[in-house]
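Okay, structure first, notes after.
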Amino acid sequence: MMEAHLGVITCDKCGELMNKEQNVIIIAEGIIEKANTEIDFQGSSVRYACHRGCWDGVEEG
């Protein structure tokens with residue numbers, strides 16, 4: 319499970335609000351600290367966030 323806190327809660331693709339229970343795509347910057355059967359990830363920032371239905375594989379921004 320990963321937790322992210324967003325300062326702006328609108329979709330970077332369509333501009334509409336992202337609401338509770340919606341599926342989203344989050345692109346985060348950071349480093350992998352350890353990788354075995356699970357990955358320990360230390361994130362520094364969220365670069366991109368959009369509704370899963372809006373995602374076309376291209377990060378705009």
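Heads up, the final residue of the sequence shown is numbered 379 in the working numbering, and it's a clean run with no missing numbers. Quick reminder that beta carbons are idealized off the backbone N, C-alpha and C, glycines included. All figures in this text were calculated on a predicted structure; none of them were measured in a lab.
Residue nearest to residue i in terms of C-alpha spacing, selected from the options
| i | options | result |
| --- | --- | --- |
| G375 | G361, V342, K352 | V342 |
| R370 | A322, C332, V326 | C332 |
| G362 | A346, A353, C368, C372 | Per the sequence presented here, residue 362 reads as Ser, with Gly not at that position. It is A346. |
| I349 | T355, Q360, E377, E356 | Q360 |
DSSP-derived helix/strand/coil call for residue i
| i | result |
| --- | --- |
| C372 | coil |
| T328 | strand |
| A322 | coil |
Span of the beta strand (DSSP E) around residue i
| i | result |
| --- | --- |
| G333 | Segment: none, G333 is in no beta strand (DSSP E) and carries neither H nor E. |
| A346 | 342 to 353 |
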